[in-house]
Amino acid sequence: MLTVTTANVNGLRAAAKKGFVEWLAGTSADAVCLQEVRAEEAQLPEEVRSPEGWFTVHAPAAAKGRAGVSLYTRREPDAVRIGFGSAEFDSSGRYVEADLPGVTVASLYLPSGEVGTERQDEKYRFMSEFLPYLKELRTRAAAEGREVVVCGDWNIAHREADLKNWKSNKKNAGFLPEEREWLSRVLDEGDGGYVDVVRALHPEQEGPYSWWSYRGRAFDNDSGWRIDYQIATPGLAAKAVKAYVERAATHAERWSDHAPVTAVYEL
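So this is what it looks like as structure tokens:
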């Protein structure tokens with residue numbers, strides 16, 4: 001069995017004070033992918049920088065206090081790579097991958113974007129570079145007899161079932177037609193060639209949502225977005241036996257505005 005969890009921590013130092021440390025101590029995951037760490041490695045408390053029983057790799061952004069991705073694995077990776085060969089984005093704390101036996105696990109924090117601003121242009125530039133890399137990664141892994149799972153905050157709700165208020169968000173970043181079309185390409189058997197693991201196991205379900213705004217009562221009303229994905233090669237996706245969102249019991253028990261998304265693969 002291989003259990004993989006992805007979570008946008010919305011600042012790892014803050015999450016550590018709110019319950020992340022206890023969550024990590026109790027998880028059964030073999031690999032944990034974190035996004036929006038927002039800290040240099042030296043700034044992290046010891047219990048999250050290098051917790052007992054875990055091998056860790058932290059890839060902070062060059063811009064202090066922004067982005068940042070991390071990977072925690074129970075066994076030492078055979079290899080680790082930060083970035084995906086992009087002159088613009090390899091120092092932006094948005095991608096790290098590790099080779100474990102038979103599978104490459106990656107943590108991704110895709111830019112969120114904002115319509116009409118440079119942030120949206122940045123998002124599109126990232127997307128245009130990242131899809132060719134995903135194809136290359138899939139091909140390279142297959143040649144080595146490996147599977148791939150790219151976990152993280154993709155910052156795109158793919159379908160209407162992936163966000164509660166889709167009608168009012170059709171012109172907002174995260175649900176724009178061109179963003180959704182790009183994610184469709186990632187998941188197209190003849191193009192990107194990957195599979196949305198949670199959706200494959202829950203084809204008709206609304207959500208399950210993984211992010212809720214702190215504004216209003218979004219969490220209490222389950223008025224959320226499903227933007228945290230495990231996107232896997234078909235061979236690995238076919239071995240997923242369950243996938244679920246670890247939604248906190250109450251608003252007060254949350255340690256991030258995102259919830260962890262976990263999948264269990266029967267290898």
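1 is the number of the first residue of the sequence shown in full-length UniProt numbering; add one for each residue after it.
Where is the CB? At the ideal position from N, CA and C, for every residue including glycine.
Computed from a predicted model, the values in this text were never measured in an experiment.
I'd like to check one pair, Ser-107 with Ser-70: are the Cβ atoms closer than 8 Å? Position 70 of the sequence shown holds residue 70. Position 107 of the sequence shown holds residue 107. Contact flag set, yes.
For Gln-43, write down the residues that DSSP places opposite it in a beta bridge. As a position in the sequence shown, residue 43 is number 43, starting the count at 1. Answer is none; Gln-43 lacks a bridge partner.
Considering only the alpha carbon of each residue, which of Asp-257, Val-80, Ala-157, Met-1 lies closest to Arg-247? Numbered from 1 along the sequence shown, position 247 holds the residue referred to as residue 247. Nearest of Asp-257, Val-80, Ala-157, Met-1 to Arg-247, Cα basis: Asp-257.
Cα separation between Trp-212 and Val-245? In the sequence shown, the residue the question calls residue 212 occupies position 212. In the sequence shown, the residue the question calls residue 245 occupies position 245. Spanning the alpha carbons of Trp-212 and Val-245 requires a straight line of approximately 13 Å.
So Ile-156 packs on Arg-180, CB below 8 Å; how close in whole Å? Within the sequence shown, residue 156 is the residue found at index 156, counting from 1. Within the sequence shown, residue 180 is the residue found at index 180, counting from 1. With a Cβ gap of about 6 Å, Ile-156 and Arg-180 count as contacting.
N- and C-terminal bounds of the beta strand (DSSP E) containing Ser-55: In the sequence shown, the residue the question calls residue 55 occupies position 55. In the sequence under discussion, the amino acid at residue 55 is Phe, which differs from the Ser named in the question. Here the beta strand (DSSP E) through Phe-55 covers 55-59.
Three-state secondary structure (DSSP) of Tyr-133: The count along the sequence shown starts at 1 and reaches residue 133 at position 133. Tyr-133: helix per DSSP, three-state reduction.
Report the partner residues of Arg-81 according to the DSSP bridge assignment. Indexing the sequence shown from 1 puts residue 81 at position 81. Arg-81 is bridged to Glu-97.
For Glu-181, the three-state DSSP class (helix, strand or coil): Taking the sequence shown and counting its residues from 1, one reaches residue 181 at position 181. Three-state result, Glu-181: helix.
Nearest CA to the CA of His-158: which residue from Trp-54, Val-115, Trp-182, Ala-259? Position 158 of the sequence shown, counted from the first residue, corresponds to residue 158. When only C-alpha atoms are compared, the closest one is Trp-182.
Are the CB atoms of Leu-236 and Val-103 within a distance shorter than 8 Å? Sequence index remark: in the sequence shown, residue 103 carries index 103 (1-based). Sequence index remark: in the sequence shown, residue 236 carries index 236 (1-based). A contact, by the Cβ cut-off of 8 Å.
Name, in chain order, the residues that DSSP records as bridge partners for Tyr-194. Reading the sequence shown from its first residue, position 194 is the one you call residue 194. Tyr-194 is not bridged to any residue.
Under the three-state DSSP convention, the category Glu-147 falls into: As a position in the sequence shown, residue 147 is number 147, starting the count at 1. Strand.
How about Val-148 and Leu-137: do their beta carbons lie closer than 8 Å? Taking the first residue of the sequence shown as position 1, residue 148 is located at position 148. Taking the first residue of the sequence shown as position 1, residue 137 is located at position 137. Yes, the pair counts as a contact, with Cβ atoms nearer than the cut-off.
Could you tell me the boundaries of the alpha helix (DSSP H) in which Leu-24 lies? Here residue 24 refers to the residue found at position 24 when the sequence shown is read from its first residue. Per DSSP, Leu-24 belongs to the alpha helix (DSSP H) from 20-26.
Neighbour-count burial assignment, Ala-87, 16 or more Cβ in a 10 Å radius: Taking the first residue of the sequence shown as position 1, residue 87 is located at position 87. For Ala-87, the number of other beta carbons within 10 angstroms of its own is below 16, and it is reported as exposed.
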